[in-house]
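Residue numbers (the UniProt record's numbering): 1 to 361. Below you'll find the structure, written out as structure tokens, and then a few comments.
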Ligand SMILES: [Zn+2]
């Protein structure tokens, strides 16, 4: 039996178990950092697999790191996400993402046990993809293997109240500051590149972290200017920087190689952001995507419904096999592994140049 067939067979044999976990996660939607049911479902399953070590993190109790090793070799890591969205539950299909990571981990482990692969396998349980940036926080505490870009600005304009009829001149109008800031950003729009976005919530999205930081500087000046003109104080705080996804083109092979319809965003801009972007800046990585039959896109109730369907599970299992085969290839094929590392280095060179060219402007 070929190695991909071996992976496929393993995925088929655990598909029912994975379906149960996926439905359990779907039926118990939990928000960022509160994913205890999902965490327990995955960790309990992994603890029952012989030879797998599961590490937990005191600071982030709904995260985990499962590892399996069988001698010297490269390390390949997978991520499982499992947090839900407020009110609509699993409208981003993280119940499927959770079991894709677990299934691919089990399939690669099977190939390792059969003697086809040597090395180290990791499954990161990564909470809080929505509403926070769990992967960034986990990288910060060194939880990862070794250790569209987005950020947000929170602005509070502080004025002071006065009686509108008796002494309006004694007031400092915070709403005026907000309106001026809104107008300033409206004018600034002419100079904002078409692919960048700044909404009234001041979520800044752009194709690269460099462009986000550039836009952040311009918006900060607009807020400070509005505060100055109205006599208000502007308190500006920023959020974590979500870097743009830099999918490793060499890793993005599963669609072609395994005849598995997986879409990988590389050159084109996705229009959304993920904390996995930061992972792709720290390691060669790839965020494959697949379609499920939903009447509406991610973050809608229709998508929540679609992500529990048999069809969605079937797509997830195909995708799981593709990820497992890619991992096996990376761990066994020296030339391929070198190519993956080279294309990542090239990509990081591009990132560096983009930062440098913006600094010169
Ligand atoms: Zn989402």
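For glycine and all other residues, C-beta sits at the position ideal for the given N, C-alpha and C.
For the alpha helix (DSSP H) that contains residue 279, what are its first and last residues?
276-282
Hey, is the segment 291-311 in contact with the segment 86-95, meaning 3+ C-beta pairs nearer than 8 Å?
yes
Confirm, please, whether the CB-CB distance from residue 25 to residue 82 is below 8 Å.
Yes, the Cβ-Cβ distance between residue 82 and residue 25 is below 8 Å.
Looking at the unbroken beta strand (DSSP E) that takes in residue 386, where does it start and where does it end?
The question about residue 386 has no answer, for the chain in this structure spans 1 to 361.
For the 8 Å Cβ check, are there 3 or more pairs between the segment 205-224 and the segment 233-246?
yes
What residues does ligand 1 have around it, judged by CB closer than 6 Å to any heavy atom, in chain order?
92, 130, 298, 299
Under the three-state DSSP convention, the category residue 127 falls into:
Residue state, collapsed to three classes: coil.
Judging by CA-CA distance, which residue of 344, 229, 283, 349 is the nearest neighbour of residue 250?
344
In angstroms, rounded to a whole number, what distance separates the CA positions of residue 16 and residue 217?
51 Å
Residue environment, residue 36, which counts as buried when at least 16 other CB atoms sit within 10 Å
exposed
Straight-line CA distance for residue 213 to residue 184?
Straight through space, the alpha carbons of residue 184 and residue 213 are spaced by roughly 18 Å.
Beta-carbon within less than 8 Å of residue 296's beta-carbon, same chain only, minus the 5 sequence neighbours each way: which residues are those?
Annotation for residue 296: 302, 303 place their beta carbon closer than 8 Å to its own, counting only its chain and skipping 5 residues before and after.
Taking the alpha-carbon of residue 104 as reference, which of 10, 314, 335 has the nearest alpha-carbon?
10
Tell me the rounded alpha-carbon separation between residue 242 and residue 72.
Each residue's Cα considered, the two are about 34 Å apart.
Taking the continuous alpha helix (DSSP H) assigned at residue 137, which residues delimit it?
134-140
Sheet register partners of residue 160 (DSSP bridge):
Partner residues in the beta bridge of residue 160, as assigned by DSSP, are 172.
Go ahead and pull the three-state DSSP assignment for residue 289.
strand
For residue 59, three-class secondary structure by DSSP:
coil
Give the C-beta separation of residue 112 and residue 70 to the nearest angstrom, bearing in mind that I take them to be a contact with Cβ-Cβ under 8 Å.
5 Å
Where does residue 303 sit, in a helix, a strand or coil, going by DSSP?
Assigned with DSSP and collapsed to three states, residue 303 falls in helix.
Return yes when the Cβ of residue 121 is within less than 8 Å of the Cβ of residue 67, no when it is not.
It is a contact, given that the beta carbons lie within the stated cut-off.
Three or more C-beta pairs under 8 Å: does that hold for the segment 74-88 against the segment 126-145?
yes
Tell me which residues share the same chain as residue 307 and place their Cβ nearer than 7 Å to its Cβ, disregarding the 5 neighbours each side in the sequence.
26, 90, 93, 95, 96, 292
Assign residue 262 to buried or exposed, taking buried as 16 or more other Cβ atoms, counted over all protein chains shown, within 10 Å of its Cβ.
buried
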